[in-house]
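Notes for the one structure printed next.
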Amino acid sequence: MPFQAILFDPVTRDSSAVSVRAFGSALEITGGRETLRVDPARCELTAAGWDHASIQITWMGEGGTFALSSNDQGVKAELARLTKFGAALKSASRTQSRTKTGGRVGMMVVAFATLLPALLLLGLIVFRNQIIDAVLARIPTSVDREIGRMFEGETVGSKDTVSENEATRAVQQIVNRLKDANPDKRFDFKVTVLRNKDVNAFAAPGGSLVVYTGLLAEAGSAEEVAGVLAHEMAHATRRHSVRQLIYGAGLIPLMGMAIGHPDASDLFKNASQLSELRFSRAQEEDADQTGFDTLVAAGIRTDGMARFFDRLARNEGPTPSFISTHPSSGDRAAAIRQRTESLASSVKPQPLDIDWKGVQSSIR
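Reading the sequence shown from the start, the letters are residues 2 to 365 in my numbering.
Laid out in structure tokens, this is it:
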């Protein structure tokens with residue numbers, strides 16, 4: 002069956018559409034300036050085109066080199082009727098097969114290279130926590146202490162620091178009792194009380210604890226403050242602050258620290274941002290649980306922790322906890338009470354020997 006092709010005529014230097022068929026032992030070409038019959042023995046057949054998808058036949062004729070090119074689906078079947086094209090057709094077919102396979106591989110490589118940035122981003126999002134956990138495990142706690150020293154340089158000795166008085170001694174007494182009961186001895190907690198009306202306290206990496214006078218004024222007892230401090234100390238021992246800082250700094254400096262360049266200053270430019278860290282819901286719940294266990298080990302009443310969350314709950318807006326980044330204070334108070342009820346009856350808390358009214362009077 003004839004196939005369609007394009008014939009280049011060296012005499013006219015034009016290309017034209019032609020019809021080609023096997024005619025006896027010759028190749029018959031019609032549709033050009035004249036009908037041609039070409040002896041296959043004079044021809045060279047190859048796979049042609051950028052993707053080798055076409056069959057090209059060339060031969061020397063009057064006026065120069067003629068070239069016949071076709072990608073018609075019937076070209077091979079028709080040319081196979083001419084035995085002199087047999088070996089050349091097999092060679093062209095092998096070339097086309099290799100090119101097709103290479104093309105598929107090439108397209109896959111191009112597609113992969115195009116998608117690689119998106120895949121890497123997706124991988125970082127999906128496995129972000131696992132990546133940070135793995136690298137954090139290789140960062141020594143000396144980095145935490147280095148960050149803590151940077152932070153102390155901005156807070157300790159400031160004009161807002163409360164000089165030693167009944168309040169500072171009470172807070173230090175609570176912290177000493179908590180850290181003595183805490184099995185994690187990697188950090189030596191140091192306390193600074195700052196004059197600030199915000200109801201807040203936080204622990205910098207390495208064990209630097211800051212307590213605002215607003216918290217002491219709001220709390221109804223030493224046990225309530227102990228609950229807050231146990232929670233904040235848990236953030237430090239569980240290294241939540243470092244985790245958040247390296248997450249904010251990005252994975253590149255994080256990896257640099259992991260391979261032997263533990264420069265804490267690369268994590269952040271201003272140590273004061275530590276007081277503004279926002280922990281995840283899981284980290285807050287972890288700090289609640291760890292802080293609760295520390296209170297029990299220290300023999301301090303755990304209901305004080307629940308009462309303080311009750312105070313916070315009264316000041317919270319109506320945002321449902323399931324769409325909040327943190328569990329609601331009311332839910333946290335309920336969880337602590339549930340844990341308290343499950344404690345063995347043999348657990349007997351020892352009261353904190355602190356005059357709380359005197360503590361609050363000393364910061365007015």
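Ideal Cβ positions, reconstructed from N, Cα and C, are used throughout, including at glycine.
Item	Value
Cβ shell of F323 (< 8 Å), same chain only, five flanking positions each side left out	Residue placement at F323 is poorly supported in this model, since its pLDDT is 43, which falls under 50; the coordinates are not used for a value here.
For E224 and G305, believed in contact at Cβ under 8 Å, the rounded distance	3 Å
Beta-carbon proximity list for N177, same chain, < 8 Å, skipping 5 on both sides	none
First through last residue of the alpha helix (DSSP H) which encompasses D15	Where D15 is concerned, there is no enclosing alpha helix (DSSP H), although the beta strand (DSSP E) it sits in stretches over D15 to F24.
Identity of the residues DSSP links to Q5 by a beta bridge	S20
Buried or exposed by the 16-neighbour rule on C-beta atoms within 10 Å, applied to K180	buried
Beta-carbon proximity list for A89, same chain, < 8 Å, skipping 5 on both sides	E45, L46 and T47
First through last residue of the beta strand (DSSP E) which encompasses A27	A27 to T31
Residue closest to Q173, alpha-carbon to alpha-carbon, out of L230, G300 and L83	L230
Own chain partners of T31 with C-beta closer than 7 Å, once the 5 adjacent residues on each side are dropped	V19 and S20
Sub-7 Å separation of I337 and A314 beta-carbons	no
Backbone CA spacing between A114 and S329 [nearest angstrom]	45 Å
Residues of its chain near V348, where Cβ-Cβ distance is below 6 Å and the 5 sequence neighbours each way are ignored	none
Of the listed residues R34, M108, Y213 and V200, nearest to N316 (C-alpha basis)	V200
S329 at chain D interface by Cβ criterion, 7 Å	The structure shown contains no chain D; it is built from a single protein chain.
Nearest candidate by alpha-carbon position, reference L296, set S242, L344, F188 and D311	L344
Backbone CA spacing between A171 and G228 [nearest angstrom]	14 Å
For D356 and H241, the rounded distance between their alpha carbons	33 Å
Those residues which DSSP pairs with L344 across a bridge	BP columns for L344 are empty, so no partner.
Residue of S209, G359, F4 and N166 minimising C-alpha distance to V76	F4
Backbone secondary structure at R146 - three-state DSSP	helix
E286 - containing alpha helix (DSSP H), residue span	R282 to A299
Q57 - containing beta strand (DSSP E), residue span	S55 to G62
Own chain residues within Cβ distance below 6 Å of V243, not counting five before or after	D145 and P206
Bridge-paired residues (DSSP) for R38	E29
Sub-7 Å separation of R196 and D161 beta-carbons	yes
Close beta carbons around F280, own chain, < 6 Å, minus the five adjacent residues each side	H241
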